[in-house]
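What follows is a set of notes on a single structure, which appears directly below.
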Amino acid sequence: MADRVAAVRGKVVVITGGARGIGLATATALHNLGAKVAIGDIDDVAVKNAADEVDLAFYSKLDVTDRDSFAAFLDQVEQKLGPIDVLVNNAGIMPVGRLVDESDAMTRRIIDINVMGVIIGSKLAAQRMLRRNHGHIINVASLAGEIYGSGMATYCASKFAVVGFTDAARVEHRNTGVAFSIVMPSFVNTELTAGTKGIRGIRNAEPEDIAAAIVRLVGKPRPRVRVTKLAGGLAATQKFLPRGFGEWLARVLGGETVFLDDVDTERRRDYEERARHS
1 MADRVAAVRG
11 KVVVITGGAR
21 GIGLATATAL
31 HNLGAKVAIG
41 DIDDVAVKNA
51 ADEVDLAFYS
61 KLDVTDRDSF
71 AAFLDQVEQK
81 LGPIDVLVNN
91 AGIMPVGRLV
101 DESDAMTRRI
111 IDINVMGVII
121 GSKLAAQRML
131 RRNHGHIINV
141 ASLAGEIYGS
151 GMATYCASKF
161 AVVGFTDAAR
171 VEHRNTGVAF
181 SIVMPSFVNT
191 ELTAGTKGIR
201 GIRNAEPEDI
211 AAAIVRLVGK
221 PRPRVRVTKL
231 AGGLAATQKF
241 LPRGFGEWLA
251 RVLGGETVFL
261 DDVDTERRRD
271 YEERARHS
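Note that the sequence shown covers residues 1 to 278 in UniProt numbering.
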């Protein structure tokens, strides 16, 4: 515990999508360890309430798809808290359903938030960090960035993009003092998975599990971390299995229906509405 506190204390950490779920759990964990935490979120009411609840140093409304909004947010953080040590690109949405029912506007919205938001934030943070030869960018992807499933085609595409982007950026910035990491959660008990049952026989992660992994990364950067270990291990080994066997296994575990026929649409309605319009 003392080592974790020493590794985190005093660092300026920025978290996007910080008003709920993984973002808020991460902000809370880092704040409790002595980091100077700033959160941004498109929901200006929720981000204020979250910051007040945790007593965070800085918060602001943030649209990660808007370069000017993101740049202004980072400028304000640095003016108030000092040079940014860590950016956690966590903001993302996960509407689910059949591809043919997904509007083009929704497709573009997923890509704009999940991919462009990460790329814009990474570029803006790296530009600042390179001047100091110091910094760390942590991009929250998903195990859906390594494996694929029915009912989430565009979401999978967005997370595959984040994984490839982050790995390429990490190699490009080797020996510059700027590190890049990927966090790859499995099912997490947040609004993102509302109305779904998860994968048969594998426990869902909690937001605090992902937060703990991010805290460890802040203290000691690594290229990628999968959470949970069991789900991550299955995802990592699936690429070595024959495709037919891997897809059969996914069917057995319920992976082909979890985001389609098995969804409780009533329980998921509020999240889907917010993902489409907020």
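Ideal placement from N, C-alpha and C gives every residue a C-beta, glycine not left out. None of the values given here were measured: they were computed from a predicted structure.
Round the Cβ separation of S60 and F73 to the nearest angstrom and send it over; I've been treating them as touching at under 8 Å. 5 Å
Find the nearest neighbour of V178 within the set K11, G10, P207 and A125, judged by alpha-carbon distance. A125
Which of helix, strand or coil DSSP assigns to M184: strand
For the segment 129–180, which segments carrying the alpha helix (DSSP H) assignment without a break, of at least 4 residues, lie completely within its bounds, in sequence order? 153–172
From L130 to R269, what distance separates their C-alpha atoms? 43 Å
Please classify F180: is it buried, with 16 or more other beta-carbons within 10 angstroms of its beta-carbon, or exposed? Flag for F180 reads buried.
Helix, strand or coil at V5 according to DSSP, with G and I counted as helix: Helix at V5.
I need the straight-line Cα distance from A235 to M184, nearest angstrom please. 10 Å
CB contact below 8 Å: D104 versus chain B: This model lacks chain B altogether; it includes just one protein chain.
At what residue ranges does the segment 235–275 contain a whole run of the alpha helix (DSSP H), taking only runs of 4 or more? 243–252
Compute the Euclidean distance between the alpha carbons of D43 and T16, then round it to the nearest angstrom. 11 Å
Going straight from the alpha carbon of D112 to that of T65, what length do you get? Computed Cα separation, rounded: 6 Å.
With H, G and I counted as helix, E and B as strand and the rest as coil, what does DSSP make of S103? Secondary structure of S103 (DSSP, three-state): coil.
In the DSSP output, which residue or residues are listed as bridge partners for I15? Here I15 is bridged, per DSSP, to I39 and V88.
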